[in-house]
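Student:
In my numbering, the protein residues as written are 407 to 757.
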């Protein structure tokens with residue numbers, strides 16, 4: 407939550423017992439610390455260099471904030487793979503589709519033996535630990551971690567092989583950083599979906615949320631939120647999955663817009679880019695609903711928010727959609743091409 411003093415120019419967020427404070431004058435900081443000290447034991451740090459375990463470096467000359475978590479991956483690997491792990495070039499095993507086949511493109515059925523109890527425990531530890539790391543520091547791992555989280559109830563030997571692939575990638579990229587550049591604090595979003603790519607015919611929603619600049623449409627900042635989650639309904643078509651992904655991303659964006667407004671940055675209609683023309687048309691009322699009437703009615707919420715001018719949903723070609731990175735496993739050569747854009751921010755999106 408975000409707290410603001412009624413008369414002093416001081417704001418802070420609180421997560422459990424960790425305060426992140428923004429202040430302009432040292433007297434205001436001392437005032438807050440003194441009040442907290444009457445009830446709790448407080449360890450004040452006037453210059454914020456750490457929050458929730460993350461290391462934060464504020465470069466006031468170049469106007470950047472660099473976030474990292476030194477030693478986090480190494481500590482995890484020492485715990486679950488003390489004998490070492492084989493390096494990997496990407497975090498997930500890519501299975502190419504079979505084009506031209508008469509058989510439908512469905513999710514692969516895993517027929518390997520069940521994992522042991524110890525292996526299942528390691529899987530749970532890694533998913534919990536890497537989700538925390540991937541969401542804030544290294545989004546390149548997020549799709550692989552999210553895919554594994556769908557398999558942790560009944561893991562198999564193949565599941566553990568996928569985990570080893572992820573850990574092999576993490577071991578070679580153990581000290582990632584996320585650099586946020588100064589911007590105009592204007593929220594921008596890429597949205598994408600992967601149809602029928604998870605167990606039980608579920609689809610995946612992906613999103614890349616960042617703060618952009620009004621004078622540079624090609625400016626790409628580090629993400630403030632990466633979305634990679636299973637869509638909770640079985641979608642009947644790609645267009646429905648894409649609309650569901652828009653719904654998930656915009657649900658998050660409503661909170662982001664409220665937070666930014668509370669911080670003093672009221673938002674214009676937020677630009678949302680999607681690579682499915684049908685979903686864009688359904689969102690903006692430029693496509694008439696016919697057979698699409700069978701789509702889950704909750705997704706009509708997207709159209710209502712567009713009508714309220716909170717969002718503008720526009721089309722972008724699939725290769726330009728950065729959210730595609732969070733919806734599916736990619737071949738090593740494609741992953742290697744795109745990964746630098748998610749390790750640190752890029753000025754121009756990949757084309």
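Glycine is no exception: its CB is placed at the ideal position from the N, C-alpha and C atoms.
1) The beta strand (DSSP E) with residue 691 in it runs from where to where?
2) I'd like to know if the region 601-616 and the region 631-645 are in contact, where contact means that at least 3 CB-CB pairs between them fall below 8 Å.
3) Suppose you measure from the CA of residue 738 to the CA of residue 497; what does that come to, to the nearest Å?
4) Looking at the structure shown, is residue 432 part of a helix, part of a strand, or coil, going by DSSP?
5) Roughly how many angstroms lie between the CA atoms of residue 522 and residue 651, to the nearest whole one?
6) Less than 8 Å between the beta carbons of residue 479 and residue 580, yes or no?
7) What residue range does the alpha helix (DSSP H) around residue 577 cover?
8) Can you give me the C-alpha to C-alpha distance between residue 491 and residue 556, rounded to a whole angstrom?
9) Assign residue 439 to one of three DSSP states: helix, strand, or coil.
10) Pick helix, strand or coil for residue 424, following the three-state DSSP scheme.
11) So if DSSP puts residue 594 in a beta bridge, which residue, or which two residues, is it bridged to?
12) Under 8 Å: do the region 566-575 and the region 648-662 share three or more Cβ pairs, one atom per stretch?
13) Could you tell me how far apart the beta carbons of residue 648 and residue 599 are, in whole angstroms, since I believe they sit closer than 8 Å?
14) If distances are taken between C-alpha atoms only, which option among 711, 689, 712 comes closest to residue 701?
15) Measuring CB atoms only, is the region 674-681 touching the region 724-735, in the sense that at least three cross pairs come out at less than 8 Å?
16) Ignore the nearest five residues each way along the sequence and tell me which others in residue 417's own chain have a CB closer than 6 Å to its CB.
17) DSSP three-state label for residue 671, please.
18) Since residue 656 and residue 708 are thought to touch, with beta carbons under 8 Å apart, how far apart are those beta carbons, to the nearest angstrom?
19) With C-beta atoms as the reference, is residue 544 less than 8 Å away from residue 495?
20) So the candidates are 450, 440, 531, 462; which of them puts its Cα closest to the Cα of residue 484?
21) Under the rule that 16 or more other beta-carbon atoms within 10 Å means buried, what is residue 518, buried or exposed?
22) Could you name the residues that DSSP lists as bridge partners for residue 383?
Tutor: Inspection of the coordinates gives the following:
1) Taking the chain shown and counting its residues from 1, one reaches residue 691 at position 285. Where residue 691 is concerned, there is no enclosing beta strand (DSSP E), given that its DSSP letter is neither H nor E.
2) Counting C-beta pairs with one atom in each stretch, the region 601-616 and the region 631-645 have three or more that are closer than 8 Å, which means they touch.
3) The residue you call residue 738 lines up with position 332 of the chain shown. The residue you call residue 497 lines up with position 91 of the chain shown. Each residue's Cα considered, the two are about 9 Å apart.
4) Counted from its first residue, the chain shown places residue 432 at position 26. When DSSP states are grouped into helix, strand and coil, residue 432 belongs to the helix group.
5) Here residue 522 is taken as the residue at index 116 of the chain shown, counted from 1. Here residue 651 is taken as the residue at index 245 of the chain shown, counted from 1. Distance between the alpha carbons of residue 522 and residue 651 is about 35 Å.
6) By one-based count along the chain shown, residue 479 stands at place 73. By one-based count along the chain shown, residue 580 stands at place 174. Taking 8 Å as the Cβ cut-off, residue 479 and residue 580 qualify as a contacting pair.
7) Along the chain shown, one-based indexing puts residue 577 at 171. Boundaries of the alpha helix (DSSP H) around residue 577: 563-578.
8) Here residue 491 refers to the residue found at position 85 when the chain shown is read from its first residue. Here residue 556 refers to the residue found at position 150 when the chain shown is read from its first residue. Roughly 23 Å between the two C-alpha positions.
9) On the chain shown, position 33 is the one that residue 439 refers to. Helix at residue 439.
10) What you label residue 424 is simply residue 18 of the chain shown in a count that begins at 1. Three-state result, residue 424: strand.
11) As a working mapping, residue 594 is identified with position 188 in the chain shown. DSSP output for residue 594 lists 616, 677 as bridge partner(s).
12) No, because fewer than three Cβ pairs between the region 566-575 and the region 648-662 fall closer than 8 Å, the two stretches do not touch.
13) As a working note, residue 648 is residue 242 in the chain shown. As a working note, residue 599 is residue 193 in the chain shown. By a beta-carbon distance limit of 8 Å, residue 648 contacts residue 599. Their separation comes to about 5 Å.
14) Stepping through the chain shown from its first residue, residue 701 is reached at position 295. Of the candidates 711, 689, 712, the one whose C-alpha sits nearest the C-alpha of residue 701 is 689.
15) Between the region 674-681 and the region 724-735, the count of C-beta pairs closer than 8 Å reaches three or more; the two stretches touch.
16) The residue given as residue 417 occupies position 11 in the chain shown. In the same chain as residue 417, and ignoring 5 residues on each side of it, the C-beta atoms closer than 6 Å to its own belong to 410, 428, in chain order.
17) For the purposes of this step, residue 671 is identified with residue 265 of the chain shown, where counting begins at 1. Look at residue 671 here: in three-state DSSP terms it is coil, with no helix or strand label.
18) To locate residue 656, count along the chain shown from 1; it is residue 250. To locate residue 708, count along the chain shown from 1; it is residue 302. Right, the Cβ-Cβ distance comes to about 6 Å (below 8 Å), so this counts as a contact.
19) The residue labelled residue 544 in the question sits at position 138 within the chain shown. The residue labelled residue 495 in the question sits at position 89 within the chain shown. The answer is no: Cβ separation not under 8 Å.
20) Residue 484 sits at position 78 when you count from the first residue of the chain shown. The shortest Cα separation from residue 484 among 450, 440, 531, 462 belongs to 531.
21) As a position in the chain shown, residue 518 is number 112, starting the count at 1. Classification of residue 518: exposed, given that the 10 Å Cβ count is below 16.
22) Past the edges of the chain, shown from 407 to 757, lies residue 383, and the structure says nothing about it.
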